[in-house]
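*Asks:*
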Amino acid sequence: MAAVLRRVTAAAATVVATLALTSTPVKATPDGRNYVYNGSSLGLGVMHLFDGHYGSGKYDQVLPAYQRSDVRFPTWSTTEGVYIGPGYCAQISVRWNANLEWNRNPDIRGPIQLYTDPGYYWKVVQYKARSASSCV
């Protein structure tokens, strides 16, 4: 179990580092609030605060298909995480201004809990993995 947790932690750190390095520009949303947009037909696990204490085990709520977290959960000023389940991958895109194009990052593979920096707006398009070891 400890070995699995170390691998998951290492994978999460790699994803956060990759997203931080590829997400440009380095700015913040105008009011410090963010949202996650679920750009797929699948429900997406989301976390209000990325604190390890979640209402549904690995996430707080399920964000329905094609919805934004700030609209679905209006009392949340930020959405600090998403959960991609086992057997699924996700296209992750970010932007810091609602008027800008989405900046797509490398796809990630679940299961993973991903921190979504409140300084950005996030678009997550979850899809079934193509094979047991690859998203593409």
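According to mature numbering (1 follows the signal peptide of the UniProt record, and there is no 0), the residues represented by the sequence shown are -28 to -1, 1 to 108, in order. All C-beta atoms in this analysis are idealised placements derived from N, C-alpha and C, irrespective of residue type, glycine included.
1) For residue 43, which of helix, strand or coil comes out of DSSP?
2) If we require 4 or more residues per run, which alpha helix (DSSP H) segments fall completely within the region 4 to 76?
3) Within the continuous beta strand (DSSP E) that includes residue 99, where are the two ends?
4) Once you ignore the five residues that flank residue 98 on each side, which residues in its own chain have a CB closer than 7 Å to its CB?
5) Of all the options 77, 48 and 19, which has the alpha carbon lying nearest to the alpha carbon of residue 4?
6) For residue 40 versus residue 7, is the C-beta spacing smaller than 8 Å?
7) In whole angstroms, give me the CA-to-CA distance for residue 32 and residue 38.
8) What did DSSP end up calling residue -6 once you bin it into helix, strand or coil?
9) With a CB to CB cut of under 8 Å and the five nearest residues on each side skipped, what residues in its chain are close to residue 72?
10) Which residue wins for smallest C-alpha separation from residue 52, given the options 9, 67, 89 and 100?
11) How would you call residue 69, buried or exposed, if buried means at least 16 neighbouring beta carbons within 10 angstroms?
*Replies:* Judging by the given coordinates:
1) Of the three classes helix, strand and coil, the one that applies to residue 43 here is helix, per DSSP.
2) As far as the region 4 to 76 is concerned, its whole alpha helix (DSSP H) runs of at least 4 residues are 41 to 44.
3) 93 to 100
4) For residue 98, where only same-chain residues beyond five positions count, the Cβ hits under 7 Å are 12, 14, 16, 56, 60 and 62.
5) 48
6) The answer is yes: Cβ separation under 8 Å.
7) 18 Å
8) Low confidence applies to residue -6: its pLDDT is 48, below 50, so where it sits in the model is not reliable enough to give any reading.
9) none
10) 89
11) exposed
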